[in-house]
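Asks: Mapping the sequence shown onto our numbering, position 191 (from 1) lands on 194, and the numbers just tick up by one. We put the beta carbon where it would ideally sit given N, CA and C, even for glycine. Below: one structure in structure tokens.
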Amino acid sequence: MNGSTILDGYAPVSLEVMRLDCVPGFDLYIVGSKGLVLYREKNVPFTLKNLKMLLENNVRYLYFKTTDESKYFDYIEDNLASIVEDKNVSPSKKASLIYDSSAHLAQQLISEPDSRKVVQRASKVMDTIVSFTASGRDAYKDIIRMLPSDYYTHTHSANVATYSLALGQVLGLTVNSGLWELTLGALLHDIGKTRVPREILNKNGPLSRQEFETVKQHVQWGVEIASQTRSVPHSSMPAIAQHHERISGKGYPYGIKEMHQFGKIVAVADSFDAMTTNRAYAKARSSFEAILILKTETTEFDKNIINALIEVMADEKVRVNR
């Protein structure tokens, strides 16, 4: 939720994302002479008249209580397709809302891993994300610019989904040839970690051999959880089942060499994000450093996918010779 200062206990919502004649479902506040005051109650629609009056008074943001954050995300999620299609909403704002929605859903999936409703909602949001990136070849870069630098399980899942989507697009995947299925699988790739004991998952130091064996089980657990809902197609499963496999056959849990393309893509995206985000026991590497490391792992990762990653990350700050 970028774009304006967050007041204590409140968060901003830009007027450009407010949908006309829609009931927000959460109270809206406006900055008054003595602080925030109630502007619209949660069950009152936001109208064109409201919008015009606010703009005439140079108001660009309203606010909601942070305790209503889940209701805010429900609203954004329900209207995400409309927002993305709105030419009056800036690409950066669209990208920010897309990423925040993905991360929020990932967080809910962690809290409710067996909830078919949450997985169904995730699949719907994937529709919008894929449509947004299909609007322009480099549209995914608007989302990548939003990725946080610190590692959390839910943001990691959203990050990996973003990178996987970008890699898939560079590699030629489209909405009709698996891009949606890849992105959904990438978002769900670590859902099995919800069954790993918290004390192991959040451990700051190195894992013992027994602890690592427990963590490795998250792959099979993830496949089990995802396969329990019809919203996750069978074609998304390789992204979940193979993200820790390696083309050398030295990965886990199956030690296979003949990996599905989705598994190869998510393996690269997962490793890249893990290296480029701050953790309690390791400082984030730069994108340049991470790509160089991946390039040296010629027996572990698919060369074509590493080259696609170079293209995805290529800008003024990141340049790597192929």
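Tell me where the alpha helix (DSSP H) around L327 begins and ends.
Replies: Outside the displayed span of the chain (4 to 325) sits residue 327, for which this structure offers no information.
Asks: Since I believe D145 is in contact with A98 (beta carbons under 8 Å), could you give me their beta-carbon distance rounded to a whole number of angstroms?
Replies: As a first step, residue 98 is located in the sequence shown; it is residue number 95 there, counting from the start. As a first step, residue 145 is located in the sequence shown; it is residue number 142 there, counting from the start. Going by Cβ atoms, the distance from A98 to D145 rounds to 4 Å, so yes, they are a contact pair.
Asks: DSSP has P15 in a bridge; who is on the other side?
Replies: For the purposes of this step, residue 15 is taken as the residue at position 12 of the sequence shown. Y66, per the DSSP bridge assignment.
Asks: Hey, could you find the ends of the alpha helix (DSSP H) R43 is sitting in?
Replies: Position 40 of the sequence shown holds residue 43. Note, R43: premise wrong, no alpha helix (DSSP H); beta strand (DSSP E) at G38 to R43.
Asks: Look up D193 in the DSSP assignment and say whether it is helix, strand or coil.
Replies: As a working mapping, residue 193 is identified with position 190 in the sequence shown. D193: coil per DSSP, three-state reduction.
Asks: Pair every Cβ in the region 285-297 with every Cβ in the region 192-211, then say whether three or more of these pairs are closer than 8 Å.
Replies: Contact between the region 285-297 and the region 192-211 is absent, because fewer than three Cβ pairs lie under 8 Å.
Asks: Can you tell me the Cβ-Cβ gap for I194 and I228, rounded? I've got them flagged as a contact below 8 Å.
Replies: In the sequence shown, counting from the first residue as 1, residue 194 sits at position 191. In the sequence shown, counting from the first residue as 1, residue 228 sits at position 225. Correct: roughly 5 Å between the Cβ atoms.
Asks: Just to check, is the beta-carbon of A169 closer than 8 Å to a non-hydrogen atom of the ligand FAD?
Replies: In terms of ligand content, the structure shown is empty, and the ligand FAD therefore cannot be addressed.
Asks: Is the number of C-beta pairs between the region 51-61 and the region 100-120 that are closer than 8 Å three or more?
Replies: no
Asks: Drop a sphere of 10 angstroms on the beta-carbon of T158, count the other beta-carbons inside from all chains shown, and report buried for 16 or more, exposed for fewer.
Replies: Translated into positions along the sequence shown, residue 158 becomes position 155. That one is buried.
Asks: In the DSSP output, which residue or residues are listed as bridge partners for I33?
Replies: The residue given as residue 33 occupies position 30 in the sequence shown. Answer is V40.
Asks: What does DSSP give as the partner residues of A285 in its beta bridges?
Replies: On the sequence shown, residue 285 is found 282 positions in, with the first residue counted as 1. According to DSSP, which records beta bridges pairwise, A285 is partnered with R282.
Asks: Strictly by DSSP, which residues pair up with F275?
Replies: For the purposes of this step, residue 275 is identified with residue 272 of the sequence shown, where counting begins at 1. Answer is none; F275 lacks a bridge partner.
Asks: Within 10 angstroms of its Cβ, does N162 collect 16 or more other Cβ (buried), or is it exposed?
Replies: Residue mapping note: residue 162 aligns to position 159 of the sequence shown, counting from 1. When all chains shown are included, N162 counts as buried.
Asks: Grouping DSSP H, G and I as helix and E and B as strand, with all else coil, what is D89?
Replies: For the purposes of this step, residue 89 is identified with residue 86 of the sequence shown, where counting begins at 1. Of the three classes helix, strand and coil, the one that applies to D89 here is coil, per DSSP.
Asks: Assess, as a yes-or-no matter, whether the region 162-182 is touched by the region 219-227 under the definition of 3 or more beta carbon pairs within less than 8 Å.
Replies: no
Asks: Leaving out five residues before and five after A270 in sequence, what residues of the same chain have Cβ atoms less than 6 Å from its Cβ?
Replies: Here residue 270 refers to the residue found at position 267 of the sequence shown. Answer for A270: H246, listed in chain order.
Asks: Does DSSP put D153 in a helix, a strand or coil?
Replies: Locating residue 153 in the sequence shown gives position 150, counting from the first residue. DSSP places D153 in strand when its eight states are reduced to three.
Asks: Decide yes or no for the touch test of the region 121-137 against the region 224-243: beta carbon pairs closer than 8 Å, at least 3 of them.
Replies: yes
Asks: The alpha helix (DSSP H) spanning R119 covers which residue range?
Replies: As a first step, residue 119 is located in the sequence shown; it is residue number 116 there, counting from the start. Counting along the chain, the alpha helix (DSSP H) containing R119 begins and ends at R119 to A137.
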